[in-house]
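Counting from 1 along the sequence shown, just add 26 to a position and that's the residue number in our numbering.
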Amino acid sequence: MKGIKLRFKLNSIKSKLISVIVIATVIVLGTVSYMNYDKATNILEEQLFSAATNSAGHNAHLVDQWLQGIKNEVNTMALNEDIRTASEASMPLLKGVARQHEDYELAYVSDAQGNSIGSNDTTFSVADRGYFQEVMQTGNTVVSDPVKSKATGKQIIVIAAPTYKEGSTTPTGVVGVTPTLDYLNALVEKMNINGYGYGFIQNLDMITMAHPDDQWIGNSKIANAGDKRLNELVNDMTTEQSGAGAYSYNGVEKMLAYGQIPSTGWAVAQSADVADVMAPLQVIRSTNITIAVIAILVMIVIAFLIASFIAKPLVKLSQVAGAIAGGDLTVKANDGRKSNDEIGILTTSFEEMVQNLKAMIAKVQGTSEKLASHSQEMASSSEEVSATVEEVASTTNEVAATSGQGAENAEEAAKESEQVQQVAEEGNKAVQETVEKMQSISQSSQNVATAVKNLGEQSNQIGQIINTITNIADQTNLLALNAAIEAARAGEHGRGFAVVAEEVRKLAEQSAGAAGEITGLIEKIQVGVGEAVTAIDSSVVEVDDGVHVANNAGASLEQIIKAIEKNTALIQDVAAGSNQANEGMQQLSASNEQITSTVQQISSAAQELANIAGELQNEVVKFKLDGANHGIDDNNYNKN
């Protein structure tokens, strides 16, 4: 693949995709191969054990047929008249049978005492042989276990049948043949399992009758030659018709199958190395490995192509993301190719995100500039408001001082009114004492009445002035509230607050003027009272002549006392109102101080906001918003 540069990074998405596909392929192929191999092993084992068992059974059948043929021949010989008499006349037949069968050592005939004559012209006794005794006792044709030939010393088997003389119901002799074990040895040498191994034959006593290796013949060593499994198999061969199993011999795993010879109970066994008989598995395993390697190589190529197809747009997007992280918003994620899959949707969404981010950064840039400008204006306005608040605070302090002085003057006036009241009461007592003498001072009393009337009118004027002062105090409180509200609106440059401050100043001046008028009226009241006292003094000499006038004067004095009491109460109210106005001015002064502190904080915050706006502008200018759109070079993809 000439057009692909195999630059492989373990942490790239391409390498991860390839790794996942290859690992999955290896796992799947490995699992399938193992399962196939395991299944093939089981099937082959079953087939081999079955075939070996069938083969052992077939060979056992061959041995049984061989023995059965010999038995039939011996039974036929037993019917011959010459054989039944065990005479010399039987020799031609015996020799003829021996000549026909090369594997027969000899044919012989015996009388009831075991005296025998053989086809080789020898005489011998078989009276001590077990097979002879069995034939004579049971009357059955018997196949003996391997015995050592008395004539030749070789291992032979004897197949003997009973003979009966005419009219006898019990055996009168025995006829038999002595086949050598050459046939069985030749047969076991040909036995195998799937072309490997050998066979052997053992009798019911687990004595090996035939074996390719002579060391095992004539003994039961095989039963103990291997592990416990072999011993169990050898024992099973004496009782079971057929079977198979595995065992270990000299560290080599072997298998054994056997079949029983029905006519004798002997067993024909076949043994071979498991590695040999399971050799086809090696071919299967090699084939599976070859197929798996080829499949893995093919999947690596396919995985590389698939990973390249999937990873290429993702790598481009990662490069675009890196450019965006560096502040370049002019990059283009979409290279013009349209795709409706998830990656195509991701690319389109990424492109929209970049455009939205550009618009957002542009808005932030404009907003930060406006924020910086407004912050500067706010800081300047805050400084102006702070200066105005300080002026208002100064004026408020002056008004508070003036209100305090007015309160003190009002208190002094109240004290003097109380003294006037006391003097009037004393005068009333004097008038009562001199009522008889007041008749002569009627004219003087009228003058006093006129003076007191003027004093009452002036007292009324004092009441009006007091009302004016009260109204001014109320308006001052209201304006103080308005001043607080306007101070909270300092963001509107504090223009309204200046108007409120001016009104407070005017009201303060009115309060000062009213206080001055109160002082003047109180002085006039004092003068009027003095005139009244003088008039009363001048009319004392005429009291005797004007009792009636004195009575009127007494009544007038009582009215004067009541008026003075009212005047005193009003002056006290004026003093209380002045004190309240003074307290209101002090509260207004404290509020002005709080406003000044708040305005200073606003000014500081506005300056800090301006600094933040400047920093925001510095960060925003790092983003590249203008310029020709450009994508990511496709050649960079090959680096991943």
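Here a beta-carbon is modelled for each residue, glycine too, at the ideal position from N, C-alpha and C.
request  = Tell me the start and end of each unbroken beta strand (DSSP E) in the segment 263-304 that is at least 3 residues and wholly inside, in chain order.
outcome  = Counting whole runs of 3 or more residues, the segment 263-304 contains the beta strand (DSSP E) stretches 268-275, 278-286, 293-299.
task = Please report how far the alpha carbon of residue 542 lies from the alpha carbon of residue 535, in whole angstroms.
result = 11 Å
task = Could you check what DSSP says for residue 190 in three-state terms: helix, strand or coil?
result = coil
ask   = When we look at the beta-carbon of residue 647 and count the other beta-carbons within 10 Å, is it buried (16 or more) or exposed?
value = exposed
task = Compute the Euclidean distance between the alpha carbons of residue 486 and residue 424, then round it to the nearest angstrom.
result = 30 Å
task = Indicate whether the contact test is met: 3 or more Cβ pairs, each with one atom in the segment 184-204 and one in the segment 259-268, closer than 8 Å.
result = With a cut-off of 8 Å, the segment 259-268 and the segment 184-204 do not count as touching, because too few Cβ pairs lie within range.
ask   = Alpha carbon to alpha carbon, what distance is there between residue 318 and residue 41?
value = 21 Å
ask   = Once you ignore the five residues that flank residue 349 on each side, which residues in its own chain have a CB closer than 6 Å to its CB?
value = 357
query = Quick one: complete alpha helix (DSSP H) runs, 4+ long, within the segment 168-239?
reply = Taken in chain order, the complete alpha helix (DSSP H) segments of 4 residues or longer contained in the segment 168-239 are 208-216.
request  = Apply the 10 Å Cβ neighbour rule to residue 118 and answer buried if 16 or more other Cβ atoms are within range, or exposed otherwise.
outcome  = exposed
key: C-beta atoms of residue 161 and residue 205 nearer than 8 Å   = no
Through-space distance from residue 452 to residue 587, alpha-carbon basis = 10 Å
inquiry  = In the DSSP output, what is residue 135 paired with across the bridge?
reply    = 143, 201
key: 8 Å Cβ cutoff met for residue 289 and residue 93   = yes
query = Between the C-alpha atoms of residue 58 and residue 371, what's the straight-line distance to the nearest angstrom?
reply = 38 Å
query = Going straight from the alpha carbon of residue 404 to that of residue 392, what length do you get?
reply = 18 Å
ask   = Does DSSP put residue 502 in a helix, a strand or coil?
value = helix
ask   = Count the other CB atoms within 10 Å of the CB of residue 335; is the residue buried (16 or more) or exposed (fewer)?
value = It counts as exposed.
query = Relative to the alpha-carbon of residue 325, which residue among 605, 53, 183, 633 has its alpha-carbon at the smallest distance?
reply = 53
inquiry  = In this structure, how does DSSP classify residue 666 when only helix, strand and coil are distinguished?
reply    = Caution applies to residue 666, whose pLDDT of 49 falls short of 50 and renders its modelled position unreliable; the model cannot decide the point.
message = Please classify residue 131 as buried or exposed, where buried requires at least 16 other C-beta atoms within 10 Å of its C-beta.
response = buried
ask   = Using the C-alpha atoms, what's the distance from residue 640 back to residue 649?
value = 15 Å
key: Own chain residues within Cβ distance below 8 Å of residue 45, not counting five before or after   = none
message = Helix, strand or coil, according to DSSP, for residue 75 in the structure here?
response = helix
message = By alpha-carbon positions, which one of 400, 645, 550, 459 ends up nearest to residue 636?
response = Considering only alpha carbons, the answer is 400.
query = Who are the Cβ neighbours of residue 66 in its own chain at under 6 Å, not counting the five residues just before and after it?
reply = The answer, listed in chain order, is 310.
inquiry  = the ligand NAP and residue 635: does any heavy atom of the ligand fall closer than 7 Å to the residue's C-beta?
reply    = With respect to small molecules bound, the structure shown includes none, and the ligand NAP cannot be examined in it.
message = Here's the rule: buried if 16 or more other CB atoms are within 10 angstroms of the residue's CB, otherwise exposed. What is residue 217?
response = Its Cβ being crowded by 16 or more others within 10 Å, residue 217 is buried.
key: Reduced DSSP secondary structure (H/G/I, E/B, other) of residue 401   = Three-state result, residue 401: helix.
Same chain, Cβ closer than 6 Å to residue 142, five either side skipped, listed in chain order = Closer than 6 Å at Cβ, skipping near neighbours: 134, 136, 150, 152.
message = Please confirm whether residue 72 has its beta-carbon closer than 8 Å to some beta-carbon of chain C.
response = Structure shown: chain C not included; a single protein chain is present.
message = Rounded to whole angstroms, what is the Cα-Cα separation between residue 547 and residue 488?
response = Using only the alpha carbons, I get a separation of about 7 Å.
message = Strictly by DSSP, which residues pair up with residue 149?
response = In the DSSP output, where bridge partners are listed per residue, residue 149 has 143.
inquiry  = For a quick check, are the C-beta atoms of residue 281 and residue 219 less than 8 Å apart?
reply    = Between residue 281 and residue 219, the C-beta gap is smaller than 8 Å, which places the two residues in contact.
query = If you draw a straight line from the alpha carbon of residue 56 to that of residue 346, how long is it in whole angstroms?
reply = 41 Å
task = Have a look at residue 271 and residue 297 and give me their C-alpha separation to the nearest angstrom.
result = 10 Å
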